[in-house]
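So the sequences go chain by chain: A and B. Taking this note's numbering, the leading residue of the first sequence gets 1, the next gets one more, and so forth. Taking this note's numbering, the leading residue of the second sequence gets 1, the next gets one more, and so forth. Beta carbons: idealized from backbone N, C-alpha and C, even for Gly.
2 protein chains.
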Amino acid sequence: MSLITIERKVLEKNDAVAAANRARLARHGLFAINLVSSPGAGKTTLLERTLERLRGRVRIGVVEGDVQTDLDARRVARYAVPVVQLVTNGACHLEAALVQQALDRLDLGALDLLVIENVGNLVCPAAYDLGEAMKVVLLSTAEGDDKPLKYPAMFRNASVLVVNKTDLVPYVHADLAAIRRNALSVNPDLQIFETSCETGDGLSSWCAWLEHRAVKAHA
Amino acid sequence: MSLITIERKVLEKNDAVAAANRARLARHGLFAINLVSSPGAGKTTLLERTLERLRGRVRIGVVEGDVQTDLDARRVARYAVPVVQLVTNGACHLEAALVQQALDRLDLGALDLLVIENVGNLVCPAAYDLGEAMKVVLLSTAEGDDKPLKYPAMFRNASVLVVNKTDLVPYVHADLAAIRRNALSVNPDLQIFETSCETGDGLSSWCAWLEHRAVKAHA
């Protein structure tokens with residue numbers, strides 16, 4: 001049996017579990033996003049700002065994926081939301097079966113929105129469906145304008161791009177128009193938000209969109 | 001045959017090719033580093049500044065690894081050094097067999113130092129020996145102080161840590177002492193440099209060390 005056959009079997013098995021996760025989330029009218037990015041693009045901080053702003057408006061559950069440590073789950077738990085930490089122990093991405101275990105530990109009927117924060121990795125998580133409604137890819141302005149071209153699969157498979165750390169633009173000489181242009185050249189259907197968790201710029205648009213989607217899924 | 005067996009076989013085969021690469025580099029007295037980091041930590045820019053500073057002093061060859069595009073090789077080629085672009089076509093790391101092909105296309109006898117710039121990924125390249133003398137891991141201050149704890153394998157397998165983008169420290173509230181402490185808690189033997197390719201801070205120490213190692217390997 002060749003390695004390619006094995007890899008295809010792994011992906012097929014993952015897709016089957018992801019489909020079951022998706023059906024389960026749909027039964028609860030639960031909108032789920034799979035938040036992906038390079039390490040340090042600001043996934044957890046964006047999530048913290050989102051939890052602050054949507055408190056009392058949207059009931060949010062969180063699944064934290066990390067290679068090691070529960071640092072992120074501890075950060076998120078301060079916002080008094082249900083959170084499950086998944087530690088991959090070296091693996092470079094979350095898989096649907098791990099997320100299924102996390103779903104077992106959450107009261108899905110008591111939630112409007114599920115945020116799955118993936119391992120920081122702009123390559124491997126692109127290939128793994130977790131059962132989410134959509135992938136949201138975060139890109140920090142400090143990473144360089146060319147990243148959508150160099151890591152196209154993630155931008156192609158995502159529905160939403162959040163360009164984060166816009167406050168750093170003058171210091172890192174980022175070109176927001178070039179980032180948008182490069183991202184749309186890979187995926188013309190990307191919806192794009194621009195945020196700074198430092199200044200708060202753009203967070204209200206992002207949160208309003210997220211609330212709208214959560215309410216719509218629940219209706 | 002289980003997936004774990006297959007994975008071990010892949011790694012064993014990779015290690016055998018890596019050993020052959022290492023022996024070949026040693027025959028030419030060629031010091032080779034495997035430059036690894038998250039996407040956008042500044043590997044290519046550090047390499048550009050290094051090429052400028054060591055021009056006429058150290059004969060440098062470059063192997064560029066990318067998931068897609070030859071953008072990096074084109075940047076490096078401006079410095080009139082031999083460069084080979086490896087495109088992994090979706091794979092999340094370089095493997096020794098790909099690097100072997102790159103070595104075939106370089107005049108190894110005419111070089112003192114080989115820089116292999118890996119795919120931007122703080123997880124997967126940790127497991128793949130390419131035949132390098134050492135892994136050099138780059139971490140941008142914008143990525144957050146906790147990254148050595150969250151992605152320990154890469155910091156454990158590297159010999160050198162370059163903390164880059166130190167000019168951003170005040171804007172991203174980075175704590176250089178915390179980064180050093182976290183990195184050394186994972187790997188007490190790490191040699192650490194702090195650089196800014198924007199201001200030039202720290203580049204002379206980094207380049208002096210690199211020149212020293214290249215000369216020593218060649219002697």
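Any chain B beta carbon closer than 9 Å to residue 121 of chain A: Cβ-Cβ to chain B under 9 Å: yes for residue 121 of chain A.
Neighbour-count burial assignment, residue 170 of chain A, 16 or more Cβ in a 10 Å radius: A residue is called buried once 16 or more other Cβ atoms fall within 10 Å of its Cβ, and residue 170 of chain A, having fewer, is exposed.
Meets three-Cβ-pair contact criterion under 8 Å: the region 63-76 of chain B and the region 98-117 of chain A: By the Cβ rule, the region 63-76 of chain B does not count as touching the region 98-117 of chain A, because fewer than three pairs are nearer than 8 Å.
Burial state of residue 21 of chain B (16 or more Cβ within 10 Å): So residue 21 of chain B counts as buried.
Environment of residue 121 of chain B [buried if 16+ CB atoms lie within 10 Å]: Result: buried.
Proximity to residue 38 of chain A [Cα-Cα], best of A/117, A/9 and A/26: Here the closest residue by C-alpha is A/117.
Residues near residue 134 of chain A in its chain [Cβ-Cβ closer than 8 Å; skip 5 each side]: Excluding positions up to five away in sequence, the list reads 33, 34, 158, 159 and 160.
Chain-ordered residues of the region 66-98 of chain B with a beta carbon less than 7 Å from chain A: Cβ contacts with chain A: 66, 67, 68, 69, 71, 90 and 92.
Three-way DSSP call (helix, strand, coil) for residue 1 of chain A in this model: Note that residue 1 of chain A scores a pLDDT of 44, beneath 50, so its modelled location is shaky; the value from the coordinates is reported in the next line. Residue 1 of chain A falls in the coil class under three-state DSSP.
9 Å Cβ cutoff met for residue 138 of chain B and residue 68 of chain A: No, Cβ-Cβ distance for residue 138 of chain B and residue 68 of chain A is not below 9 Å.
Against chain B: residues of the region 130-153 of chain A by CB proximity under 8 Å: Within the region 130-153 of chain A, the residues whose Cβ lies closer than 8 Å to any Cβ of chain B are, in chain order, 140, 142, 143, 144, 146, 147, 149, 150, 151, 152 and 153.
Contacting positions in the region 36-55 of chain B - beta carbon closer than 7 Å to chain A: So the close ones are 38, 39 and 40.
Residue 167 of chain B: first and last residue of the uninterrupted alpha helix (DSSP H) it sits in: It is not in any alpha helix (DSSP H) - residue 167 of chain B carries neither H nor E in the DSSP assignment.
Enclosing alpha helix (DSSP H) for residue 104 of chain A [first to last residue]: Note, residue 104 of chain A: alpha helix (DSSP H), 96-104.
Nonlocal neighbours in the same chain, by C-beta distance under 8 Å from residue 180 of chain B, ignoring five residues either side: Excluding residues up to 5 positions away in sequence, 163 and 192 lie with their Cβ nearer than 8 Å to the Cβ of residue 180 of chain B in the same chain.
Buried/exposed call for residue 49 of chain A, threshold 16 Cβ in 10 Å: By the 10 Å Cβ count, residue 49 of chain A comes out buried.
C-alpha distance - residue 12 of chain A paired with residue 96 of chain A, whole-angstrom precision: The straight-line gap from Cα to Cα measures roughly 11 Å.
DSSP state of residue 174 of chain B mapped onto helix, strand, coil: Here residue 174 of chain B sits in coil by DSSP.
Cβ neighbours of residue 198 of chain A in the same chain (closer than 6 Å, five flanking residues each side left out): Correct list, in chain order: 167.
Chain A contact residues for residue 11 of chain B, given Cβ-Cβ distances below 7 Å: The premise fails here: residue 11 of chain B is roughly 12 Å from chain A at the closest Cβ pair, so nothing lies under 7 Å.
Three-way DSSP call (helix, strand, coil) for residue 205 of chain A in this model: Helix.
Buried versus exposed, by CB contacts within 10 Å (16 or more), residue 64 of chain B: Buried.
Residue 124 of chain B: contacting residues in chain A (beta-carbon distance under 9 Å): 92, 121, 123 and 124, listed in chain order.
CA-to-CA distance, residue 101 of chain B to residue 205 of chain A, given in whole angstroms: Computed Cα separation, rounded: 49 Å.
Under 9 Å between C-beta atoms of residue 46 of chain A and residue 195 of chain A: Residue 195 of chain A sits close to residue 46 of chain A, with the two beta carbons spaced by under 9 Å.
Below-9 Å beta-carbon distance, residue 198 of chain B vs any chain A residue: Taking Cβ atoms only, chain A reaches closer than 9 Å to residue 198 of chain B, which makes this a yes.
Neighbour flag for residue 111 of chain A against chain B, beta carbons, 9 Å: Between residue 111 of chain A and chain B, the shortest Cβ-Cβ separation is not below 9 Å.
Secondary structure of residue 187 of chain B, DSSP reduced to three states: In this structure, residue 187 of chain B counts as coil in the three-state DSSP scheme.
Member of A/132, A/142 and A/178 whose CA lies at the smallest distance from the CA of residue 40 of chain A: If we check each option's Cα against that of residue 40 of chain A, A/142 comes out closest.
Test item: CB-CB of residue 155 of chain B and residue 178 of chain B under 9 Å: Not a contact, by the Cβ cut-off of 9 Å.
Ordered list of beta strand (DSSP E) runs contained in the region 45-69 of chain A, each at least 3 residues: Correct list: 60-66.
Beta-carbon gap between residue 113 of chain A and residue 60 of chain A smaller than 9 Å: Less than 9 Å separates the beta-carbon of residue 113 of chain A from that of residue 60 of chain A.
Near-chain A residues of the region 153-171 of chain B - C-beta to any C-beta below 8 Å: The region 153-171 of chain B vs chain A, Cβ under 8 Å: 153, 165, 167, 168 and 171.
Residue 130 of chain A (DSSP reduced to helix, strand or coil): Annotated three-state conformation of residue 130 of chain A is coil, per DSSP.
Helix, strand or coil at residue 118 of chain B [DSSP, three-state]: Looking at residue 118 of chain B - three-state DSSP - the assignment turns out to be coil, as it is neither helix nor strand.
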